[in-house]
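Please read the structure below before turning to the comments.
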Amino acid sequence: MKKTYKIDVDCANCAAKMEDATKKTPGVADCTVNFMTLKMIVTFDEGSDPKAIMTDVLKNCKKVEDDCEIFF
Amino acid sequence: MQKNRNEAKAMNKKQKKMLYRILLAAVCMIALHFLSPALNPVWNGNLKFLLYLIPYLTVGYDILIKAWKGICNRQPFDENFLMAVASIGAIILGRVRTGDYAEGAAVMLFYQIGELFQSVAVGKSRRNISSLMDIRPDYANLEKEDMTVERVDPDEVEIGSVIVVSAGEKIPIDGVVLTGFSTLDTAALTGESVPRTVREGEDVISGCINQSGTLRIRTTKEFGESTASRILDMVENASSRKSRQEAFITRFARIYTPAVCYAALALAFLPPLVRILSGSPAQWGDWIMRALTFLVISCPCALVISIPLTFFAGIGGASRAGVLVKGSNYFEELARADTVVMDKTGTMTKGVFEVAGIHHASMPEDMLLEYAALAEAHSTHPIALSLRRAYGKDPDLSRVRDVEEISGHGIRAVVDGHTVICGNERMMQHMGIEPQPCSSVGTLVHLAIDGAYCGHILIADQIKPTAAEAIADLKRLGIRKTVMLTGDRKQTAETVARQIGADQVCAELLPDGKVQKVEELLSHVPKGKSLAFIGDGINDAPVLSRADVGIAMGALGSDAAIEAADIVLMDDDPLKVPKAVRIARKCLRIAYENIVFAISVKFICLILGALGLASMWLAIFADVGVMVLAVLNAIRALSVRHM
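In structure tokens form, the structure reads like this:
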């Protein structure tokens, strides 16, 4: 399952870090963060609950870049 | 224009707050600069320190907090950390040695100015590009059963509904014109400035602007499946597919930041230790200062921001010219294309069969054409269609009777009481009539009336007027080989290839033969170069995806092509191909310039810093200045007007 989320982040490097952190979150198969359009495309593992996973994703992203936001 | 200026000025809340903080800190710094000599030298140390903390903390508190959080989260090596360490270090040095705190505060101030500039520049180009691509319609005027019109969200319009588009409005959803006559501005979709005229029964695509009359349109697609929505999706997702240069920068930043931190650490401690061991004075302060300068210079933001910005601007600029690129990696492939393979029908030729000549006619040519058109009046065969198109009038069906279609041969019909036989060579031979052969290229329709041969009509696909120019242009761009593939007859293929100037031609290929041929050509492409395939997206999807970069043209409304291709040309002008190559090369050149420029300036300054030749001030300007130049250079990729 693939979903697109709007994000808010200030620098390209931070966006790359968010991408990394999201990829490492359990339940996430793949992730691409597009800094220019401020969008995050997350591919979830089969049969997982995106809402719950996104909470973890946000937590992990906050860890690497405090000043970020994901709208889900 | 006025609107643009307002938009450009507009900063978001965060940016405005930052601006106030910077201004406040700057005023403080200037005031302190003049105030400090007047301070009492006895207690000025402490007071000056505290006073300088005011602008420092005003402008930099968030950096300090972020750096601290980074350390807590075990992600210490980022720009915030570099800046925090450098500025705190400079202030501590000031406290213990020089008594000058301006440097530490200034580092923070200029860093924040740079960040603010970057954020505004990125935001502005983001808005610019999105507004260029602003083809997404906000509403649809839905006509209800009682003929009243209601403004609704285009998402809610079902297939088969009737929508009304007045002059000046955007067509929200793809459909067919029911009533109305108008001209459409397709510039946002195709980059083509000549308006298109539409009348009843014609297909229209969403994203065009209706310029004159009111159109009633029956929708044929849902909003999400309509051209405008699909194109927007494609462009917005384009920068998600990263080019090697972008990937390189990300990897580079990941290794680079820790590396410079350790290098700075080494610079701070190793030389003094060596000096102690060799018996000279350690000069701790001097070396720590150099290490801090080193840290400030090392900030990688110029690189990290400018490369994705370059590609984003390039993709935005290209889409303005009617070239949709699905990812920055395809820019890379296209820029180093060495072989261009093209399809014939629909790509280099119009793909529309037209009457190209009437030969050996034993009666006036238009009369011959009239007979042919009438005989073929009931047929839906492409050749019949082109005959009727050439005839130009609606055939009067009452003049035609006893139509008999002989599949694969032709038609026999009675027109105005005369028996008309209309078909290919075999048809004529079958009827015992000797047809005249023809030396031209194309399909022949022979005609016999009442058993007597009356001549033949030559029907040929026409070469696009810009095809030859496009190939010559590609050659000028250094494309080594141009190959034309076609399923058509050898004679036709060779003639077309000669006329457009293609180097090589492979005729009579079946669709899978095309894939094999492309694979064979791919094996001859030198390393580091690529092969581009240009097709019209009709039954060449496998080839489009097999080539290094697949270019589909005339893709407006063709879903298969948008799906399979890497680069989509919105109209069917072959000249867009060399243009796309130029845009791709310009974009890559800018990205390359930025990488080389930023890295080399950084390294020179790093060396100067390590040798103690660069002051903290130079360090700040090296960092912010390089970033500003790189961002401005990146925005250049947006302009593709005269390419």
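If you're matching them up, the sequences are chains A and B in order. Counted from 1, the first sequence has number 19 at position 13 by our numbering; the numbering is strictly sequential. Counted from 1, the second sequence has number 50 at position 49 by our numbering; the numbering is strictly sequential. Yeah, the Cβ is synthetic: ideal placement off N, Cα and C, and Gly gets one too.
8 Å contact criterion, which residue i and residue j should meet: CB distance rounded
i      : j      : result
H361/B : Q437/B : 5 Å
G105/B : I298/B : Actually they do not touch by this definition, with Cβ atoms about 16 Å apart.
I464/B : G443/B : Not confirmed; about 12 Å, so no contact.
G90/B  : L293/B : 4 Å
Y53/B  : L33/B  : 6 Å
N74/B  : V70/A  : 7 Å
I218/B : G176/B : 4 Å
D14/A  : L44/A  : 6 Å
V404/B : I450/B : Not confirmed; about 15 Å, so no contact.
D462/B : G352/B : 7 Å
A141/B : I164/B : 5 Å
F182/B : G214/B : 5 Å
Simplified DSSP assignment, three categories, for residue i
i      : result
M554/B : strand
E144/B : strand
Q3/B   : Residue confidence for Q3/B is low, a pLDDT of 37 falling below 50, so the modelled location carries little weight and cannot support an answer.
E334/B : helix
T28/A  : helix
V416/B : strand
K394/B : coil
T59/B  : helix
G315/B : helix
E8/B   : Reliability fails at E8/B, whose pLDDT of 42 lies under 50, so the model's placement of it is uncertain and no value is given.
F41/A  : coil
S531/B : strand
C507/B : strand
M485/B : strand
V177/B : strand
M7/A   : coil
E62/A  : Going by the sequence as given, residue 62/A is Asp instead of Glu. Note: D62/A maps to helix in three-state DSSP.
I172/B : coil
R200/B : coil
I164/B : strand
L52/B  : helix
M364/B : coil
N211/B : strand
V526/B : coil
Selected residue, minimal CA-CA separation from residue i, among the options
i      : options                        : result
I552/B : K580/B, H525/B, V526/B         : K580/B
N40/A  : T294/B, I92/B, P309/B, E146/B  : P309/B
E564/B : G433/B, M235/B, E495/B         : M235/B
A638/B : I472/B, G317/B, G626/B, P383/B : G317/B
L271/B : G286/B, F182/B, Y257/B, P259/B : G286/B
D16/A  : E144/B, E80/B, G418/B          : E80/B
A1/B   : H447/B, C209/B, F295/B         : As displayed, chain B neither begins before 2 nor continues past 644, which places residue 1/B out of reach and without an answer.
A35/A  : D14/A, I76/A, V63/A            : V63/A
G347/B : V497/B, F313/B, I218/B         : V497/B
A652/B : R291/B, K243/B, I256/B, I64/B  : With chain B covering only 2 through 644, there is no way to say anything about residue 652/B.
V121/B : R200/B, L20/B, S279/B, L448/B  : L20/B
D624/B : I636/B, A635/B, K603/B         : K603/B
K345/B : C455/B, E406/B, T493/B         : T493/B
S230/B : I277/B, P173/B, E247/B         : P173/B
L607/B : I596/B, A620/B, V597/B         : A620/B
V516/B : A533/B, R547/B, G529/B, S531/B : R547/B
A376/B : L335/B, A168/B, G418/B, I359/B : G418/B
Y331/B : W288/B, A449/B, R242/B, A385/B : R242/B
E223/B : T215/B, D154/B, I289/B         : D154/B
A391/B : A373/B, S408/B, T381/B         : A373/B
R590/B : A631/B, M554/B, W618/B, S616/B : A631/B
A503/B : K528/B, A468/B, K518/B         : A468/B
A85/B  : M628/B, I384/B, M109/B         : M109/B
A402/B : A414/B, K394/B, P396/B         : The sequence given here has Arg at residue 402/B, not Ala. Among A414/B, K394/B, P396/B, the Cα nearest to that of R402/B belongs to A414/B.
V97/B  : L448/B, N47/B, A471/B, Q113/B  : N47/B
E157/B : A168/B, E144/B, G169/B         : E144/B
P543/B : K518/B, A303/B, S531/B, H447/B : K518/B
E334/B : R22/B, G280/B, V550/B, Q500/B  : V550/B
- alpha helix (DSSP H) runs contained entirely in the region 224-292 of chain B, provided each spans 4 or more residues: Within the region 224-292 of chain B, the runs of alpha helix (DSSP H) at least 4 residues long that lie entirely inside it are, in chain order, 228-239, 245-278.
- Does the region 321-333 of chain B come within contact of the region 564-578 of chain B, defined as at least 3 CB pairs closer than 8 Å? Short answer: they touch.
- Task: Run through the region 403-463 of chain B for me and flag every whole alpha helix (DSSP H) of 4 or more residues, listed as ranges in chain order.
- Result: Listed in chain order, they are 426-431.
- Message: Counting beta carbon pairs with one atom in the region 585-601 of chain B and one in the region 609-623 of chain B, are three or more of them shorter than 8 Å?
- Response: Proximity of the region 609-623 of chain B to the region 585-601 of chain B falls short of the contact definition, fewer than three beta-carbon pairs being nearer than 8 Å.
- Message: Would you call the region 519-536 of chain B in contact with the region 337-354 of chain B, where contact means no fewer than 3 C-beta pairs closer than 8 Å?
- Response: By the criterion of at least three beta-carbon pairs nearer than 8 Å, the region 519-536 of chain B is in contact with the region 337-354 of chain B.
- Query: Quick check: the region 497-509 of chain B against the region 480-488 of chain B, are there 3 or more CB pairs under 8 Å?
  - Reply: Yes: at least three Cβ pairs fall under 8 Å.
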